[in-house]
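With positions in the sequence shown counted from 1, the corresponding number in our numbering is that position plus 2.
Each residue gets a CB set at the ideal place from its N, CA and C atoms; glycine is no exception.
A quick note: this is a predicted structure, and the numbers were derived from the prediction, not measured.
Report on one structure; see the data block that follows.
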Amino acid sequence: MSHGPAETGAFVERFAGRHRPRGDATVIVFPPAISLAAFAAAASGRPDLEFGVQDVHTEVEGAHTSGISAAMVPATGATWGLAGHSERRREFGDTDADVGRKLVRLLEAGLRPVLCVGETLEEREAGRLATVLETQIREALRPLDPDGRARLVYAYEPVWAIGTGRTASPADAEEAHAIVRDQLARAEGCDAERAAILYGGSVKPANIEALLAAPGVDGVLVGGASLDPDSWAAICAAGR
Numbered sequence: 003m004s005h006g007p008a009e010t011g012a013f014v015e016r017f018a019g020r021h022r023p024r025g026d027a028t029v030i031v032f033p034p035a036i037s038l039a040a041f042a043a044a045a046s047g048r049p050d051l052e053f054g055v056q057d058v059h060t061e062v063e064g065a066h067t068s069g070i071s072a073a074m075v076p077a078t079g080a081t082w083g084l085a086g087h088s089e090r091r092r093e094f095g096d097t098d099a100d101v102g103r104k105l106v107r108l109l110e111a112g113l114r115p116v117l118c119v120g121e122t123l124e125e126r127e128a129g130r131l132a133t134v135l136e137t138q139i140r141e142a143l144r145p146l147d148p149d150g151r152a153r154l155v156y157a158y159e160p161v162w163a164i165g166t167g168r169t170a171s172p173a174d175a176e177e178a179h180a181i182v183r184d185q186l187a188r189a190e191g192c193d194a195e196r197a198a199i200l201y202g203g204s205v206k207p208a209n210i211e212a213l214l215a216a217p218g219v220d221g222v223l224v225g226g227a228s229l230d231p232d233s234w235a236a237i238c239a240a241g242r
């Protein structure tokens with residue numbers, strides 16, 4: 003819950019003055035829902051800055067006070083949507099089945115989903131990394147047809163490294179991304195070799211180069227370090 007409409011406009015102005023598109027790297031920002039329109043206005047004329055919604059409801063419409071329907075999002079100009087972020091799973095109790103339904107809604111609305119998966123510290127220490135990731139991916143993909151599955155981007159976020167200052171080593175990221183890619187190779191409609199898998203967990207300018215150099219890491223999902231436009235610009239400059 004950062005950056006209301008006014009702050010978002012100021013953020014985009016400052017970031018845009020520092021960011022220069024590099025290669026084929028894609029920059030996507032996920033502002034709070036209340037700031038989507040402000041981001042669209044501030045980023046007008048900057049096609050290199052894409053944006054999306056942080057979460058949507060599992061239903062298209064109905065009496066769901068405070069809920070955001072995926073069908074409402076395209077009117078803001080957003081083209082992306084997150085599903086399964088660890089904070090949604092932890093704080094709001096989103097299940098793998100809920101995440102699958104949200105993916106369906108995002109795809110129905112013409113949005114491109116980013117599916118977030120990851121393990122807690124307890125799960126990692128219990129040796130359940132592969133089991134957790136495989137279950138989260140399998141259940142989230144269950145309601146999707148092959149065409150829908152082909153549109154997904156994946157983000158591995160080790161829950162124990164989010165907002166804690168701890169960062170998975172490049173070797174940790176490589177291991178987890180290999181598990182994700184292996185699961186995709188066994189899922190109908192998924193092109194495991196071409197699928198984009200992002201790393202998310204205390205990404206910052208100081209570690210971005212090492213993380214992007216890890217085999218199987220195609221990009222990053224940035225949290226706290228993206229709230230400062232200078233830090234965010236430095237991270238984006240490392241994109242390939």
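Requested in this report: Give me the Cα-Cα distance between Ile164 and His5, rounded to the nearest whole angstrom.
Outcome: 19 Å
Report task. Less than 8 Å between the CB atoms is what I'm expecting for Phe13 and Pro172, so what's the real figure, rounded? Result -> Actually they do not touch by this definition, with Cβ atoms about 29 Å apart.
Query raised in the report: Roughly how many whole angstroms lie between the Cα atoms of Ile139 and Leu154?
Result: 11 Å
Query raised in the report: What is the DSSP secondary structure of Leu146, counted as helix, strand or coil?
Result: coil
Query raised in the report: Bridge partners of Phe53, per DSSP?
Result: Val31
Query raised in the report: Tell me the DSSP bridge mates of Gly157?
Result: The sequence given here has Ala at residue 157, not Gly. Partner(s): Cys118, Leu200.
**Report entry** Where the alpha helix (DSSP H) through Gly165 begins and ends
**Finding:** Per DSSP, Gly165 belongs to no alpha helix (DSSP H) and is neither H nor E.
Query raised in the report: Does the separation of the CB atoms of Leu117 and Leu105 fall below 8 Å?
Result: yes
Report task. Take Cys192 and list the residues in its own chain whose beta-carbon comes closer than 6 Å to its own, dropping the five residues that flank it on each side. Result -> The answer, listed in chain order, is Arg151, Leu186.
**Report entry** Beta-carbon spacing of Val55, Gly83 below 8 Å
**Finding:** yes
Report task. Indicate the three-state DSSP secondary structure (helix, strand or coil) for Val222 in the structure shown. Result -> The answer is strand: DSSP assigns Val222 an E or B state.
Query raised in the report: With 16 as the cutoff for other CB atoms within 10 Å, does His59 come out buried or exposed?
Result: buried
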